[in-house]
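Reviewing the structure listed below.
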Amino acid sequence: MSWTDERIEKLTKMWEGGATASQIADELGGVSRNAVIGKAHRLGLKARPSPVKANDKPARPAPAPKKPKPVEAAPAPEPAPAPRAEAPAARAAAPAPQAPAPRAPAQPVAPAADAAPAAPAQPRIVSVGPGGFLRQGPGDQQQPIPPAPPRRLVPAKPSPEIAGKTSLLDLNDRICRWPMGHPGEPDFHFCGEKVNPGFPYCVEHCGRAYQAQLPRGARRAPPPLPFGGPRVR
DNA sequence: CCCTGATTCGC
DNA sequence: GCGAATCAGG
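Note that UniProt numbering has the first sequence beginning at 1, numbered continuously upward.
Structure (structure tokens):
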């Protein structure tokens, strides 16, 4: 596979949306997780919390190179740094043995300023769906319920592809639930005919769903499965 | 073991 | 530019 503009765009959206490289690779298809990571870095979109790079060492201190470069001559002689010239903040925080109780006369008010009160409450992205939308797991709903919209509610306009078609919400036990098209696609809908009484499908689709077992040798090729058979990627 | 992202390096 | 191999932490 090649990195078309659409695939790059999807990769970028999902990467920035917080999807893992594996999810992105799986969603794009035809590429490996490594390919996704490599491409993301080449696009300049790294900078994401990596499990392997928790700390923040300012410089890469020789991460045990197993494969040293063949040519690396004349290392510039480092000027000997002053041994005692770093970490002023550490000195301020670490010592001071008497260390008075932290809540003294400093801030009489602000009672709940400490004790870890501020939860960022950032929505945890679980995965990214086919359209690049962000999925959340159960219980991951954002805490603040969306404030009551001060607007008049207007019926959503169905997309033109499914206008007049039988959607999931239109299903009841009197109309045929035979799926037409692929779930997730804009024109996915259901048959919608009146059902064969006692069955979930109309007469025609009952004939597809329930096949009499024919004697060996008298079988016909099986009719196409619902959803049009396995998805080809 | 599994997962993750980062990096390297031959192509 | 690409991505498999590899590294390294959780």
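Think of the CB as a built atom: it goes at the ideal place given N, C-alpha and C, for glycine as much as any other residue.
Just so we're clear, the structure is a prediction, and the values are computed from it rather than from any experiment.
According to DSSP, is residue i part of a helix, a strand, or is it coil?
i	result
His205	helix
Lys10	helix
His189	strand
Lys194	strand
Ala59	Legend: pLDDT at Ala59 = 37, less than 50; position of this residue unreliable, no value from coordinates given.
Gln23	helix
Met180	strand
Candidates the options: which alpha carbon is nearest residue i's?
i	options	result
Phe199	His182, Trp178 and His189	Trp178
Ala21	Gly181, Val36 and Leu169	Val36
Lys39	Pro197, Arg7 and Tyr210	Arg7
Asn196	Asp5, Gly181, Ile175 and His189	Ile175
Ser32	Lys13, Tyr210, Trp3 and Gly18	Trp3
Lys46	Gly17, Gly181 and Glu27	Gly17
Arg42	Thr12, Ala25, Gln23 and Pro49	Thr12
residue 300	Cys202, Met180 and Trp15	This structure does not reach residue 300, given that the chain is present from 1 up to 233, and the question cannot be answered.
Asp5	Ala19, Gln23 and Leu28	Leu28
Met180	Asn172, Gly192 and Asn34	Gly192
Please look up how many angstroms separate the CB atoms of residue i and residue j, rounded, as I've assumed it's under 8 Å.
i	j	result
Met1	Gly30	4 Å
Lys165	His189	4 Å
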